[in-house]
Amino acid sequence: MSSTAVITMATAVPPPSTISTKTTTAACCPGCGYGLPPIDQTQTELISAQSRVRQLEAHVRQLNHKAAAAVDRWATYEAEMSKLRAQLAASNRASSSLSNHQLDPASATTPSPTRTSFLQSAPSRLSSFLYPRKSTPNLRADSSPPSAHMRAKSIGVGSGAPASNTTEGLLEALTREQTLRREAEGRLSATSKEVEELSASLFEQANEMVADERRARARLEQRVGELEKRDAEKRKRLERLEVAMQRIEKVKSLLNDT
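For the sequence shown, position 249 (counting from the first letter as 1) is numbered 249 according to full-length UniProt numbering, and the numbering increases by one without interruption.
#1: Do residue 74 and residue 166 have their C-beta atoms within less than 7 angstroms of each other?
#2: Given 8 angstroms as the limit, is there contact between the region 84-92 and the region 170-177, that is, 3 or more CB pairs closer than that?
#3: For residue 206, which of helix, strand or coil comes out of DSSP?
#4: Decide if the region 198-210 is in contact with the region 38-52; the criterion is three or more beta carbon pairs, one per stretch, under 8 angstroms apart.
#5: Mind checking whether residue 68 and residue 195 have CB atoms under 7 angstroms apart?
#6: Quick check on residue 258: does DSSP put it in helix, strand or coil?
#7: Going by CA-CA distance only, name the one from 57, 183, 64 that's closest to residue 84.
#8: Suppose contacts are defined by Cβ-Cβ distances below 7 angstroms. Is residue 223 in contact with residue 76 by that definition?
#9: Can you determine whether any heavy atom of the ligand MN sits closer than 6 angstroms to the C-beta of residue 82, and answer yes or no?
#10: Ignore the nearest five residues each way along the sequence and tell me which others in residue 185's own chain have a CB closer than 8 angstroms to its CB.
#11: When you compare the CB positions of residue 259 and residue 94, do they come within less than 7 angstroms of one another, or not?
#12: Can you tell me the Cβ-Cβ gap for residue 46 and residue 238, rounded? I've got them flagged as a contact below 8 angstroms.
#13: For residue 140, is the classification buried or exposed, using 16 other Cβ atoms within 10 angstroms of its Cβ as the cut-off for buried?
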């Protein structure tokens, strides 16, 4: 009886070797049969995803710097526009004051002295025409008012020339200010358009980066879940192997005892 028992126990030993071969060759999911890559490949993918996230963050910072520079330029253009508006208002006030001065009644009645002198000299002229045999001093006295009238006329013409020069200068300054204003408004509109385009591109790129980051994070979370599942399966297999090894040790101890 003892010899037969030993023979049966000896024939029952080989199955553990088959169990060990099965555990070493398993490299896929036991539930669905999906092949899983090794842990090293997952770590490399995780490192590459982290580097991609860092690059995207650096790109976002660069775009933020560009947006800040565009806002600064827009502020300078606004300051220049306010300065040009103040200069234009001052030139408008100067031109309006000049036009009011030209239309003032006091200035319009300036030829009145010459007119009164001409009216005062009219009777003497008539008497000279009616009585041509007057003495020479009377003729000299009669000829003096026209010279005064000519002097007044020349003075009036001379005083009108500086006013016209001032008006022309003010008109030129006004034209120049209007040209500068149009140029500044054009630059301001171009800058505002550039800022809008830059902000739109920034928002689009930020949305794309956020979407890419979310997709990468979802892939990483899925990968981590798969790895955790694989670790749990490996632990279960190790536990089963440990139980099988304990049984084998018990069988060996029984064989040695017999």
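The beta carbon of each residue, even a glycine, is placed where N, CA and C say it ideally should be.
So, from the data block:
#1: Taking the sequence shown and counting its residues from 1, the one referred to as residue 74 is at position 74. Taking the sequence shown and counting its residues from 1, the one referred to as residue 166 is at position 166. Contact: no.
#2: yes
#3: On the sequence shown, residue 206 is found 206 positions in, with the first residue counted as 1. Note: residue 206 maps to helix in three-state DSSP.
#4: no
#5: Taking the sequence shown and counting its residues from 1, the one referred to as residue 68 is at position 68. Taking the sequence shown and counting its residues from 1, the one referred to as residue 195 is at position 195. Their beta carbons are not under 7 angstroms apart, which means residue 68 does not touch residue 195 by this criterion.
#6: Taking the sequence shown and counting its residues from 1, one reaches residue 258 at position 258. Reduced to three states, the DSSP call for residue 258 is coil.
#7: Translated into the one-based positions of the sequence shown, residue 84 becomes position 84. The residue with the shortest Cα to Cα distance from residue 84 is 183.
#8: Stepping through the sequence shown from its first residue, residue 223 is reached at position 223. Stepping through the sequence shown from its first residue, residue 76 is reached at position 76. Not a contact, by the Cβ cut-off of 7 angstroms.
#9: Absent from the structure shown: the ligand MN. Ligands present: none.
#10: What you label residue 185 is simply residue 185 of the sequence shown in a count that begins at 1. Once the five neighbours on either side are set aside, the close Cβ partners of residue 185 are 81.
#11: In this structure the chain extends from 1 to 258, so residue 259 is not present and cannot be described.
#12: As a working mapping, residue 46 is identified with position 46 in the sequence shown. As a working mapping, residue 238 is identified with position 238 in the sequence shown. That belief does not hold up - the Cβ atoms of residue 46 and residue 238 are roughly 25 angstroms apart, past 8 angstroms.
#13: Looking up residue 140 in the sequence shown gives position 140. Annotation note: pLDDT 45 at residue 140 (below 50); position unreliable, coordinate value reported separately. Per the 10 Å Cβ criterion, exposed.
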